[in-house]
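In our numbering, the protein residues as written are 15 to 633.
Written out as structure tokens, the structure is:
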């Protein structure tokens with residue numbers, strides 16, 4: 015038996031004794047002895063439950079502290095490197111090399127490592143129509159497994175010496191129930207778009223979304239165990255009649271089953287094949303079912319007077335605050351008395367893509383590498399989708415759609431991060447659903463351009479800065495170029511202003527055909543005319559499916575074009591020989607392309623100071 019002194023450290027006895035007595039009084043002589051263990055906290059070791067809850071909370075806080083410490087050390091190192099290397103490029107030689115073997119090995123074998131050999135963001139497909147998702151990284155897998163097995167251990171730590179099976183099932187019910195409600199908190203926290211922890215820790219929403227899915231799975235499994243344990247004792251007490259009467263006569267049990275049903279349906283429909291096949295339907299249904307589930311759990315706890323009510327109140331407060339903040343943010347930037355609602359212009363481009371420009375109603379804070387959620391009610395009423403910001407500038411609503419010609423004092427994208435802009439442009443590739451409808455509607459227009467209204471929500475992401483790296487290599491696959499264009503312009507602007515140590519920028523873009531080059535041609539023309547560009551920037555274009563070899567002309571200048579697929583390993587090996595200072599590598603593109611870049615970076619982490627940042631949307 016557990017020490018009572020230890021138990022008293024984690025929970026008071028008062029409310030537990032009261033609820034247990036109430037549960038015992040609820041039994042009836044016409045029912046079996048198991049009836050005493052179907053209600054309240056009878057048979058539930060609440061002090062031990064609170065002990066495991068505290069351990070789980072401390073584990074979450076420990077992970078948060080470790081991540082925060084790592085992030086602060088990384089930021090501090092980058093800041094010191096930035097300050098020390100601001101002189102001549104020769105001053106960056108110190109930062110070219112690793113100072114020790116521990117961190118390079120950690121990067122290669124843990125932080126940047128996929129779960130197995132190479133596959134990470136490349137989707138696992140059973141067929142062309144069935145996609146079962148992606149694999150987490152090695153580090154994320156360790157975190158998930160520790161979390162999963164710790165929850166299993168907490169549930170299995172039961173009084174197996176108890177002579178009454180009903181008491182054992184009651185202990186299972188209590189343990190799984192309190193853990194399910196507790197795990198509802200991180201499930202919601204990791205789902206919030208406006209979570210301040212993302213900026214504080216420098217963690218992407220893609221990572222938080224991964225943790226959200228696993229917390230949700232554990233929560234639903236524990237809620238299912240909780241329900242089964244209650245049902246076993248109810249059946250033993252009075253069979254189906256007693257079980258049915260409990261569900262229909264008790265407000266707590268009725269709403270508990272409603273919440274359980276909502277979350278279990280989400281669990282079934284959230285599997286990757288269904289989620290990807292009916293993504294927009296899934297998102298809208300997901301929001302409705304989550305609301306039903308949380309309300310159901312709250313009423314279940316409140317009606318029974320259970321001590322876990324504050325957990326659910328915290329969940330409701332976070333969930334409600336998120337939607338209030340998001341709504342306020344959308345209204346603030348997309349509606350004003352002077353300019354009205356945000357104007358949206360969509361232009362059909364070659365290779366089935368659209369350039370979508372949002373002329374927002376109020377100045378908006380732009381950051382390179384950020385993304386937004388786009389709302390286009392006239393195309394898809396209830397949906398919003400994430401897209402990287404390709405370009406942002408200050409421009410009047412009366413200006414033409416095409417970006418203006420470059421001028422020497424051009425300030426369309428400001429030199430500093432967090433600059434105020436009035437126009438935000440995206441490149442949206444036509445896939446299915448909303449993106450396909452948008453492209454077809456724009457392409458069907460006589461001018462290839464349509465005008466509508468909409469809104470953007472953001473910015474999100476853009477936590478990384480490459481200004482402290484002497485060498486920056488940006489890999490883009492297809493429409494992933496939108497993530498890189500802003501960084502290139504920002505680094506060149508910083509180079510002109512003398513506020514970056516970057517002396518070499520290599521942009522590597524892999525596209526299926528030359529038509530795709532039109533997606534960002536107007537913006538790249540402006541970049542190529544920037545002062546000092548030839549001293550810093552080189553561009554390599556790889557056309558994987560040219561119509562004929564004459565279509566791909568290989569130049570010898572700073573812009574080169576090659577037929578076929580790019581080999582990231584060959585590129586990085588060459589750049590490592592000619593690098594200046596520390597090297598930063600980023601990638602945005604299809605899963606297989608990103609995985610090949612990741613593998614190439616891992617191969618060179620022990621040869622010099624190399625950092626890797628991946629932009630991914632694995633929804």
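Just so it is clear, CB atoms sit at the ideal spot from N, CA and C, and this is done for glycine as well. Owing to the predicted nature of the structure, the values given are computational and were not obtained by experimental measurement.
Alpha-carbon spacing of residue i relative to residue j, whole angstroms
i, j, result
"residue 59", "residue 297", "39 Å"
"residue 320", "residue 251", "22 Å"
"residue 330", "residue 98", "48 Å"
"residue 214", "residue 333", "20 Å"
"residue 365", "residue 149", "30 Å"
"residue 228", "residue 198", "11 Å"
"residue 209", "residue 509", "33 Å"
"residue 526", "residue 557", "5 Å"
"residue 57", "residue 211", "39 Å"
"residue 357", "residue 465", "7 Å"
"residue 306", "residue 268", "13 Å"
"residue 337", "residue 580", "43 Å"
"residue 48", "residue 191", "18 Å"
"residue 524", "residue 200", "38 Å"
"residue 256", "residue 166", "30 Å"
"residue 32", "residue 81", "Reliability fails at residue 32, whose pLDDT of 37 lies under 50, so the model's placement of it is uncertain and the value that follows must be treated cautiously. In a straight line, the C-alpha of residue 32 is about 42 Å away from that of residue 81."
"residue 534", "residue 528", "12 Å"
"residue 712", "residue 435", "Because the chain here runs from 15 to 633, residue 712 falls outside it and cannot be looked at."
"residue 130", "residue 224", "18 Å"
"residue 634", "residue 288", "Because residue 634 is not part of the residues shown, which for the chain are 15 to 633, the question remains open."
Reduced DSSP category for residue i - H, G, I as helix; E, B as strand; rest coil
i, result
"residue 145", "strand"
"residue 174", "coil"
"residue 492", "helix"
"residue 556", "strand"
"residue 61", "helix"
"residue 597", "strand"
"residue 524", "strand"
"residue 626", "strand"
"residue 190", "helix"
"residue 371", "strand"
"residue 153", "helix"
"residue 562", "coil"
"residue 518", "strand"
"residue 5", "The chain is shown from 15 up to 633; residue 5 falls before or after that span and cannot be answered."
"residue 270", "helix"
"residue 637", "Given a span of 15 to 633 for the chain in the structure shown, any question on residue 637 remains unanswerable."
"residue 591", "helix"
"residue 393", "coil"
"residue 73", "helix"
"residue 36", "Only weak support exists for where residue 36 lies, its pLDDT of 40 falling under 50; the value from the coordinates is given anyway. It is helical."
"residue 406", "strand"
"residue 276", "helix"
"residue 354", "strand"
"residue 385", "strand"
"residue 531", "helix"
"residue 132", "coil"
"residue 138", "coil"
"residue 289", "helix"
Same chain, Cβ closer than 8 Å to residue i, five either side skipped, listed in chain order
i, result
"residue 195", "311, 315, 322, 325, 326"
"residue 111", "622, 623"
"residue 127", "151, 152, 153, 616"
"residue 583", "610, 613, 614, 617"
"residue 294", "394, 396, 397, 447, 448"
"residue 185", "57, 58, 59, 172, 173, 176"
"residue 506", "519, 541, 544, 546, 547, 550, 551"
Boundaries (first-last residue) of the alpha helix (DSSP H) holding residue i
i, result
"residue 229", "219 to 263"
"residue 456", "448 to 458"
"residue 303", "293 to 318"
"residue 326", "323 to 348"
"residue 549", "547 to 550"
"residue 119", "116 to 120"
Other residues of its chain near residue i: CB distance less than 7 Å, five sequence neighbours each side excluded
i, result
"residue 178", "none"
"residue 202", "329, 332, 333"
"residue 391", "468"
"residue 290", "145"
"residue 456", "360, 361, 362, 368, 462, 463, 464"
Where the beta strand (DSSP E) through residue i begins and ends
i, result
"residue 363", "357 to 363"
"residue 575", "573 to 577"
"residue 210", "No beta strand (DSSP E) holds residue 210; the alpha helix (DSSP H) holding it covers 210 to 215."
"residue 469", "469 to 475"
Own chain, CB closer than 6 Å to residue i, minus 5 neighbours either side, in chain order
i, result
"residue 444", "366, 450, 453"
"residue 230", "201"
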